[in-house]
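Q: Protein chains in written order, with the numbering used here: chain A, 1 to 491; chain B, 492 to 592; chain C, 593 to 835; chain D, 836 to 924.
Please find one structure pasted underneath; my questions will follow.
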Amino acid sequence: MSHLHAWLVAVDWIPWLLGPPLAHATLAFLLGPRLARLLALPVLVLGLVAASGLALRVLELGPQVHALGGWGAPLGIELYADGLAALMLWMTAAIGLAVGCYSLAFFSADDRRGTYFWPLAAFLIGAMNALYLSADLFNLYVTLELMGLAAVGLVALSSGAAALAAALRYLLAALLGSLLYLLGVALVYGNQGSLALAGLSLEANLLSSLIIALMTLGLAIKTALFPLHFWLPPAHGGAPAPVSALLSALVIKASFYLLLRLWFELFLPAINLPAAQFLGLLGAGAILWGSWLALQQRELKMLVAYSTVAQVGYLFLLFPLASFAPGAEAAWNGGVYHALSHGFAKAAMFLVAGAMLFAAGHGEIRRLGGLGQQLPLGMFTFALASVSLMGLPPSGGFIAKWLLLEAALASGQWWWILVMMVGGLLSAAYLFRVLRQAFLPTPADTRFRRPPAMLVGSAFLLSLVALGLGLWANGTLALLRVGAPFTEMTP
Amino acid sequence: MTGGLFYAITGVLLFCLGLYGFIQHAHLLRRILAFNIMGSGCFLVLVGLAQRGGQVDPVPHALVLTGIVVAVSATAFALILMRQLYVESGHCTLPGEDEES
Amino acid sequence: MTRTLIALLCLGLAGMLGWALWQLPGDVGLKSDLQSELQGQVQADIVGLPALVAAHLDQSGVRHPVTAVLLNFRAYDTLLEIGVLLLAVLGVLAVRHAAAPEPVHPQRAGAVLAALVHLAVPLMVLVAGYLLWAGAHQPGGAFQAGAVLAGAGVLLRLSGRLPALLPPGFWLRAGLLLGFAVFLVIALGVTRGGHELLAYPVQQAGGLILAIEASLTLSIGLILVSLFVGAPSPPEHGGEASE
Amino acid sequence: MNDILPWLYDSLIALTLLWIAWQTLSTRDLFKAVLLFIVFGLLMALAWVRLQAPDLALAEAAIGAGLTGALLLDAVGHLRVPRRPGPRK
């Protein structure tokens, strides 16, 4: 055991997080879906091992730097992994593995969509890993584009005019977002003469305010922050279930992660309080408006997609809550914890929604009666994921909301507490709508198909992790503390 | 003011012009054109601002070369999505955003 | 109403950005000492990176600084960028795959176009080769060469001499992937012996970069042609539209 | 006098760039818009020459104006084939 531990810590895992997914994408395209399926599990398991190894290494040795090409910043590009990056990488690897298992059953070997699903999904995971590791402003732009095009390609796997429109809307939003970000990069480079995130910081002046506004706006579009969320529901709700899970759980978190990095490193000296409060206000709008719309939806997957719009709001409460010294660290931890637990819970929920659609043959919530008996483990999974999304103990979502509440109390910003309470009640309302319907008796004319066990099983495992994040919060928070911007935490 | 800064300001104006076109047009081909103009504006800022002292900086040249390739990839993909949408629905606009004329 | 608002917002953004940039270099006399000190620091930084590139140029394996940045100092950007190109092709294929198959309309070329193609294509291949070779010490390189190659492909396609490329067969896929694969293998291969990703040994840097560039040229040309050819052809008669 | 000439040249390029961009986005004819965009790309190539970036001038002419132009022209040709618009909403 100690041998394994020593080995995990000794290896430089960063190349292992980039090489295998990109190689898998290449081979999957070259050799076709059959070999792609064979390679999927080994590559995804390797990804989880590498992410775990990196997390352990960061925990024991501190933040890791990998100077690409041996040049070092600012001449070359540096990769950087601290606790936050390690956690996001681990989430990507774990959810990626579960979604991979699910997809093996979801896309049968002769499903036409599988031909392009595997290379696109492998590219997507490689792009997200690259984004989490990058410490260079322009390289981050390239990873954003890589991730965006892979995600849009996955949405375009569905056929029909509605799917094409959803993909186009998503593509245009993603391109607009990355161009706004790129203009910010151009201004930073012109002003400071470097692209390496380490060592850059903005002075407080008009140009800096404009840079912050442009880059924040661009990344907020990509994160689907209210009122810029218009592209998310059709794209996430209309895609095949495993794609929805990847997009809703992971892809929006990547742009949020970049926003966090920028705000608390590059922008920090130039940020003012109203800007942070404004982001919080948009977050509050997202929570209320997204939950309200989720309540109106008739289709199961659209409900889950609007729930993502609402849950993104909590992430943005981090910015106002972290702008006062008391409670800043709790806010930081709470926001990141919410990103993690929402990732696992939402992936589980989209995957199980796919299984429910398979079982019932449609997605209309009103006609889901009887699923509780037909798919008991599936409905249990849905309930577990709901517990985390509502923020009930002992889930990861509970820890996240608890930390955010703590931050709000410590900094005296009681209005955000109010928003979180109302948001919690609304999410309970829309999630119970589904659960209540599923446990009604089966209508007479309904036929169910039994979904492959893998569909429900992988979703169930993810919902267990969402729950486990609440039980093993100490270890996770210890990792998050490595290299964090706030370190006045009491043990 | 040097030539570099002059082109950087031109780039900023192009970006905002493109942004206006991107938001305001509903026709997808026009939005793709606007996106390309925004991109060109960005590239001018990147090179021009870095060279406002007068000396040549090869780093933004390499970055813009990357940017041009990324832009053509995105343009090609968007165009084909648009054409397929046209084949399947007869429209060149997204649902709910019909061009006012 | 909204239109005017958007116009005003864009105008305001343009004005503020322009103003902020205009103020950047020449205002030393107006500001406090601190500001002018910062100004000096900024200027020094701007000199910094080009000087750094120049200082390391002899270790990069090429003599042209832009190529050195593109394929050595910041080669990782370029690697991911080829990924973006591949993703565009994959996205196009996914869209066309999801759509119902359609009949192929072979295109017939006129005599003038055919003659033009006869002359232009070999010339363009030559130009591409020259651009690729030139990139090591003067402007040019894989991207420009690939684009010229793609131009030749587009001409061939217009004259009807290029077979339908979709769905791509094994060898076409191999060609599309070649550049990315060679780049990736070299990026990972040099890590043997505890080096960083993409850390080419100084003596082999020139050769490795040439290998990468040559395979990139071919792949970029094929990718760009595929993006052109992959478009759906216009339907002969308007089918029943569906929403 | 020697200082004025490059200035005039740069101003001419910049103003034409802005004007063509404006025309591209505001003209009613799609085909004309695409042609104007190709001209825009060629002017960008000139701007790159003025900024002493010959690599970018080459790439802009080949990719920005040439290939993007070809893709756009092809698309316009496609959209000119009349289609009965389907029902909306």
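Using N, Cα and C, we set each Cβ at its ideal position, and we do this for glycine too.
Remember, predicted model here, so these are calculated numbers, not experimental data.
Could you check whether the Cβ of R543 (chain B) sits closer than 9 Å to any Cβ belonging to chain A?
A: Yes, R543 (chain B) lies at the interface with chain A (some Cβ there is under 9 Å from its Cβ).
Q: Given that a residue counts as buried once 16 or more other Cβ atoms are within 10 Å of its Cβ, and exposed if not, what is N191 (chain A)?
A: Per the 10 Å Cβ criterion, buried.
Q: What three-state label does DSSP hand V11 (chain A) in the structure shown?
A: In this structure, V11 (chain A) counts as coil in the three-state DSSP scheme.
Q: Just mark F432 (chain A) as buried or exposed, buried being the case when its beta carbon has 16 or more other beta carbons within 10 Å.
A: Label assigned to F432 (chain A): exposed.
Q: Applying a beta-carbon distance threshold of less than 9 Å, which residues of chain B neighbour L885 (chain C)?
A: Past the edges of chain C, shown from 593 to 835, lies residue 885 (chain C), and the structure says nothing about it.
Q: Based on Cα-Cα distance, which residue from C:T659, C:L662, C:L677 lies nearest to I898 (chain D)?
A: For I898 (chain D), the nearest C-alpha among the options comes from C:L677.
Q: Would you say A888 (chain D) lies against chain B (beta-carbon separation less than 9 Å)?
A: Taking Cβ atoms only, chain B reaches closer than 9 Å to A888 (chain D), which makes this a yes.
Q: To the nearest angstrom, how far is the alpha carbon of G904 (chain D) from that of G743 (chain C)?
A: Rounded to whole angstroms, G904 (chain D) to G743 (chain C) spans 11 Å at the Cα level.
Q: Under 9 Å between the Cβ atoms of M349 (chain A) and S386 (chain A)?
A: Their beta carbons are under 9 Å apart, which means M349 (chain A) touches S386 (chain A) by this criterion.
Q: Should L425 (chain A) and V645 (chain C) be called a contact, given that it needs their Cβ atoms to be closer than 9 Å?
A: Not in contact: L425 (chain A) and V645 (chain C) (Cβ atoms no closer than 9 Å).
Q: Distance, Cα to Cα, Q575 (chain B) vs G62 (chain A)?
A: Spanning the two alpha carbons is a distance of roughly 50 Å.
Q: Please identify the residue among C:W725, C:G813, C:G785 whose C-alpha is closest to the C-alpha of L580 (chain C).
A: This structure leaves residue 580 (chain C) out entirely; chain C is present only between 593 and 835.
Q: Taking Cβ positions, are W416 (chain A) and A284 (chain A) nearer each other than 9 Å?
A: In this structure, A284 (chain A) lies closer than 9 Å to W416 (chain A) by Cβ.
Q: Please report whether the beta-carbon of N333 (chain A) lies at a distance below 9 Å from any beta-carbon of chain B.
A: Judged by the 9 Å Cβ criterion, N333 (chain A) is not in contact with chain B.
Q: Below 6 Å CB to CB, which residues in the same chain sit around F820 (chain C) once its five sequence neighbours on both sides are set aside?
A: Contacts found: V746.
Q: So the alpha helix (DSSP H) V782 (chain C) belongs to, where does it begin and stop?
A: Per DSSP, V782 (chain C) belongs to no alpha helix (DSSP H) and is neither H nor E.
Q: To the nearest angstrom, how far is it from the Cα of L455 (chain A) to the Cα of P731 (chain C)?
A: Approximately 54 Å between the Cα atoms of the pair.
Q: Kindly list the residues whose CB is nearer than 8 Å to the CB of P760 (chain C), restricted to its own chain and excluding five residues on each side of it in sequence; keep chain order.
A: Contacts found: L685, L768, S818.
Q: When you compare the CB of G76 (chain A) with every CB in chain C, is at least one pair closer than 9 Å?
A: Taking Cβ atoms only, chain C reaches closer than 9 Å to G76 (chain A), which makes this a yes.
Q: Applying the criterion that 16 or more other CB atoms from any shown protein chain within 10 Å of the CB defines a buried residue, is K301 (chain A) buried or exposed?
A: Buried, since its Cβ has 16 or more Cβ neighbours within 10 Å.
Q: Would you say A517 (chain B) lies against chain D (beta-carbon separation less than 9 Å)?
A: It does not; no Cβ of chain D falls within 9 Å.
Q: Who are the Cβ neighbours of A428 (chain A) in its own chain at under 6 Å, not counting the five residues just before and after it?
A: Only M390 meet the Cβ criterion.
Q: Roughly how many angstroms separate the alpha carbons of M91 (chain A) and G148 (chain A), rounded to a whole number?
A: If you take the alpha carbons of M91 (chain A) and G148 (chain A), they lie about 19 Å apart.
Q: Whose C-beta lies closer than 7 Å to the C-beta of G675 (chain C) among residues of the same chain, with five residues either side of it excluded?
A: Closer than 7 Å at the Cβ level, and outside the excluded window around G675 (chain C), lie F772.
Q: Given this structure, state the Cα-to-Cα distance separating E329 (chain A) from H552 (chain B), to the nearest angstrom.
A: In a straight line, the C-alpha of E329 (chain A) is about 41 Å away from that of H552 (chain B).
Q: Does DSSP classify V65 (chain A) as helix, strand or coil?
A: Residue state, collapsed to three classes: strand.
Q: DSSP three-state call for D669 (chain C): helix, strand or coil?
A: In this structure, D669 (chain C) counts as helix in the three-state DSSP scheme.
Q: Which residues in the same chain as D619 (chain C) place their Cβ atom closer than 6 Å to its Cβ, once the five residues preceding and following it in sequence are excluded?
A: Model confidence at D619 (chain C) stands at a pLDDT of 33, short of 50, so the residue's coordinates are unreliable; what they give is reported in the following sentence. So the list is empty, once near-sequence residues are dropped.
Q: Can you tell me where the alpha helix (DSSP H) with E579 (chain B) in it begins and where it stops?
A: It spans 549-580 - the alpha helix (DSSP H) in which E579 (chain B) sits, taken as one unbroken run.
Q: For the segment 362-380 of chain A against the segment 257-274 of chain A, do three or more pairs of beta-carbon atoms, one drawn from each stretch, fall closer than 8 Å, so that the two count as touching?
A: In short, these stretches do not touch, since the Cβ pair count stays below three.
Q: Tell me the rounded alpha-carbon separation between K924 (chain D) and V538 (chain B).
A: Unreliable placement is indicated for K924 (chain D), whose pLDDT of 41 sits below 50; the coordinate value is still reported in the next sentence. Looking at the two C-alpha atoms, the distance is approximately 45 Å.
Q: Spatial neighbours of L146 (chain A) within its chain, please: C-beta separation below 6 Å, excluding the five flanking residues on both sides.
A: Cβ within range, chain order: A127.
Q: Taking DSSP as the reference, what is the three-state secondary structure of S751 (chain C)?
A: DSSP places S751 (chain C) in coil when its eight states are reduced to three.
Q: State the DSSP-derived secondary structure class of E364 (chain A), mapped to helix, strand or coil.
A: Looking at E364 (chain A) - three-state DSSP - the assignment turns out to be strand.
Q: So, under 8 Å CB-CB, L179 (chain A) and G495 (chain B) are touching, yes? Tell me the CB distance rounded to an integer number of Å.
A: Their Cβ separation, rounded to whole angstroms, is 21 Å, which puts L179 (chain A) and G495 (chain B) out of contact at 8 Å.
Q: Mind pulling the chain C residues with CB within less than 8 Å of L902 (chain D)?
A: Within chain C, the residues near L902 (chain D) are A739, A742, G743, V746, L816, F820.
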